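Numbering-wise (our numbering), the sequence shown opens with residue 58 and increments by one. Where a beta carbon is used, it is the ideal one built from N, C-alpha and C, also for glycine. Small disclaimer: the values here were computed from a predicted structure and weren't measured.
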Amino acid sequence: MAPKYTNKLEGKSVLVVGGTSGMGFAVAEASVEFGASVVVASRSKAKVDDAVRRLATSYPDAKDRIRGHTVDLSGEDSETSITELFYFVTNGGKDKVDHVVETAGDAPSAGLALEEVTVQRIVEASSPRFSGIVMLAKVAAQHLKQAHTSSLTLTGGVASFKPFPGWSVMAAIGGAKEALARGLAVDMKPVRVNLVSPGAVQTELFDAVVEKSDPEAAKAVFRHDTLLGRIGDPEDLAEAYLSLMKNYFATGTTTHVEGGKLLR
């Protein structure tokens, strides 16, 4: 009997935007392990090259299935940058993409407390996290295989459901992104669109945030805020993304992977 569960990504084309570090890199690793051809993308060429090198070192037999390209989701030229990315991924438009995963992000500004908010700061915060994602979906819709086996998976965050003090704006952006995923599930059908909502995960981005204060004290707070008493690993989150890629009946959903923080 041929495998029904273990080979759903074998031979598939997977693009991970934000795939050079953290959760995105873990998704790229897992996709390679399951036999997919993977392109990792981020704003920094140095990070892209390093991610491709690390993946090829870990999976030498799969190095021909691993590529990378830059992309910038922020600013008025984001659509052009995204279009160039998909031109690369699809080999000049000759091929189609099976799955697009978005885990892009940078360390949120500490200056988004309500009393310090300005219109400009809202625009700067929302550009890569929302408007850039809309542009990503717009271009992806033209290149994804039009089938229920294809997917676009976005990334939100637990703060949208349980905001931290001073996170009103960031929580609102995350909430808008969750609504966007549901709307895109309608607009992009039969392609499936879902969102993963992580809690605290031990990534380079997480380290950059906690380094602004007392790192060990901050980590202790994050651990205490979960039912499991731990901070998540990128590999924990990769399982959620892969599940949504492989579950052909899941669309318009939000998957919470936050160690039970919402129940504390």
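Nearest candidate by alpha-carbon position, reference residue i, set the options
i: D155; options: F306, E172, G289 and L66; result: L66
i: T140; options: P272, G286, V74 and T308; result: V74
i: F221; options: L171, V243 and V248; result: L171
i: G149; options: G79, F263 and H200; result: H200
i: L284; options: G317, L237 and E273; result: G317
i: D134; options: D121, L193 and T175; result: L193
i: P60; options: F91, G81, E86 and S70; result: F91
i: A93; options: D121, D271 and G79; result: D121
i: A297; options: R239, D282, H313 and F306; result: H313
DSSP state of residue i mapped onto helix, strand, coil
i: M80; result: helix
i: A108; result: helix
i: I139; result: helix
i: K69; result: coil
i: H205; result: coil
i: G309; result: coil
i: V154; result: strand
Residue j beta carbon less than 8 Å from that of residue i
i: K153; j: T147; result: yes
i: T137; j: S99; result: no
i: S225; j: E315; result: no
i: Q203; j: P247; result: yes
Inter-residue CB distance, residue i and residue j (contact presumed, cutoff 8 Å)
i: L301; j: V215; result: So it is not a contact: roughly 17 Å between Cβ atoms.
i: E292; j: A83; result: 5 Å
i: I190; j: L130; result: 7 Å
i: T210; j: V158; result: 5 Å
Go through the region 210–268 residue by residue and report every complete run of the alpha helix (DSSP H) that reaches 4 residues or more, in order. 225–244 and 261–267
What ranges does the beta strand (DSSP E) occupy inside the region 89–133, keeping only unbroken runs of at least 3 residues that lie completely in it? 94–99 and 123–127
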